[in-house]
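*Asks:* The sequence shown begins at 405 in this note's numbering and counts up one residue at a time.
Glycine is no exception: its CB is placed at the ideal position from the N, C-alpha and C atoms.
Below is a structure I'd like to ask you about.
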Amino acid sequence: MLITTSRKPSQRTRTFCRGLERVMKARCVNRGKMSLHDVFLKANQLEMSRVVVISEKDGNPNGMKVYGDGELFATIKLTVDFSLPKGRMKKNAISLRCEVEELKQFTQEIFEIPLENSDKSDYNQEQESDCNLLWIRTHKRKSTPMMEFFDAQGQPTGPRIYIHDCEFAGEADESS
Numbered sequence: 405m406l407i408t409t410s411r412k413p414s415q416r417t418r419t420f421c422r423g424l425e426r427v428m429k430a431r432c433v434n435r436g437k438m439s440l441h442d443v444f445l446k447a448n449q450l451e452m453s454r455v456v457v458i459s460e461k462d463g464n465p466n467g468m469k470v471y472g473d474g475e476l477f478a479t480i481k482l483t484v485d486f487s488l489p490k491g492r493m494k495k496n497a498i499s500l501r502c503e504v505e506e507l508k509q510f511t512q513e514i515f516e517i518p519l520e521n522s523d524k525s526d527y528n529q530e531q532e533s534d535c536n537l538l539w540i541r542t543h544k545r546k547s548t549p550m551m552e553f554f555d556a557q558g559q560p561t562g563p564r565i566y567i568h569d570c571e572f573a574g575e576a577d578e579s580s
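Right, here's the structure in full:
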């Protein structure tokens, strides 16, 4: 996955992109004067099928447009919490735990992360599985879905992402 931003991103948006690069199997590229077509060519050159363009509002990241092979694939409206420490993840070993049923297929297709094995019943095994994990669950107080990353030691690591809306590209056309 190739991550990029608008042409003149704020510092918080650049930090968010670098944070995603740190926790996911992704590469962050400064867009500068590149057109979207040039970004797709760069992704093709790096042998990446997905391009994520981070949008911002008032200097804060507020959305993702996900492109697959040059076509808009999905959009996500979000807010970001930067308060978590920066841990290290094993990007090749990351797995997905999704407790929000509506987002399970959506996040699997967008981020191309396999679901974790849910055969574990022992508490200690469950604790071990928190390593290198993307956990999607509903926030207790805000009642919105959130994406939380756990590093190689099972500690929460930034960024924490709150998902306000998400849809595949074709869904918006079908509902009108």
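Which residue wins for smallest C-alpha separation from A430, given the options G436, T409, V456 and T417?
*Replies:* Taking the sequence shown and counting its residues from 1, one reaches residue 430 at position 26. Measuring from the Cα of A430, the nearest candidate turns out to be V456.
*Asks:* Output needed for S547: all residues of its chain with C-beta closer than 6 Å, excluding positions within five of it in sequence on either side, in chain order.
*Replies:* Counting from 1 along the sequence shown, the entry for residue 547 is found at position 143. None.
*Asks:* Excluding five sequence neighbours on each side, which residues of the same chain lie with their C-beta closer than 8 Å to the C-beta of Q559?
*Replies:* To locate residue 559, count along the sequence shown from 1; it is residue 155. Result list for Q559: P489 and G491, in chain order.
*Asks:* So for H441, helix, strand or coil by DSSP?
*Replies:* For this step, residue 441 is matched to residue 37 along the sequence shown. In the structure shown, H441 adopts helical secondary structure according to DSSP, grouped into three states.
*Asks:* For a minimum of 3 consecutive residues, which ranges assigned as the beta strand (DSSP E) are wholly contained in the segment 455 to 490?
*Replies:* 464 to 472 and 475 to 485
*Asks:* Please name the residue or residues paired with T542 in a DSSP beta bridge.
*Replies:* Position 138 of the sequence shown, counted from the first residue, corresponds to residue 542. Bridge partners of T542: P549.
*Asks:* According to DSSP, is R416 part of a helix, a strand, or is it coil?
*Replies:* Looking up residue 416 in the sequence shown gives position 12. DSSP places R416 in helix when its eight states are reduced to three.
*Asks:* Short check: CB of V484 to CB of P563, under 8 Å?
*Replies:* As a working note, residue 484 is residue 80 in the sequence shown. As a working note, residue 563 is residue 159 in the sequence shown. One thing to note: V484 has its Cβ within 8 Å of the Cβ of P563.
*Asks:* So what does I565 bridge to, in DSSP terms?
*Replies:* Translated into the one-based positions of the sequence shown, residue 565 becomes position 161. DSSP output for I565 lists V484 and M551 as bridge partner(s).
*Asks:* When the distance is taken between beta carbons, is L500 closer than 8 Å to L538?
*Replies:* Counting from 1 along the sequence shown, the entry for residue 538 is found at position 134. Counting from 1 along the sequence shown, the entry for residue 500 is found at position 96. Taking 8 Å as the Cβ cut-off, L538 and L500 qualify as a contacting pair.
*Asks:* Which residues mark the beginning and the end of the alpha helix (DSSP H) in which L507 is found?
*Replies:* Numbered from 1 along the sequence shown, position 103 holds the residue referred to as residue 507. Unbroken alpha helix (DSSP H) run through L507: E505 to F515.
*Asks:* Does DSSP put C502 in a helix, in a strand, or in coil?
*Replies:* As a position in the sequence shown, residue 502 is number 98, starting the count at 1. Of the three classes helix, strand and coil, the one that applies to C502 here is strand, per DSSP.
*Asks:* Return the first residue and the last residue of the beta strand (DSSP E) that L406 is part of.
*Replies:* Locating residue 406 in the sequence shown gives position 2, counting from the first residue. Where L406 is concerned, the enclosing beta strand (DSSP E) stretches over L406 to T409.
*Asks:* I'd like to confirm the pairing. Which residues does DSSP put opposite L519 in its beta bridges?
*Replies:* Sequence index remark: in the sequence shown, residue 519 carries index 115 (1-based). Looking at the DSSP assignment, L519 forms a beta bridge with L500.
*Asks:* Can the beta-carbon of L482 be found closer than 8 Å to that of I407?
*Replies:* Translated into the one-based positions of the sequence shown, residue 482 becomes position 78. Translated into the one-based positions of the sequence shown, residue 407 becomes position 3. It is not a contact, given that the beta carbons lie outside the stated cut-off.
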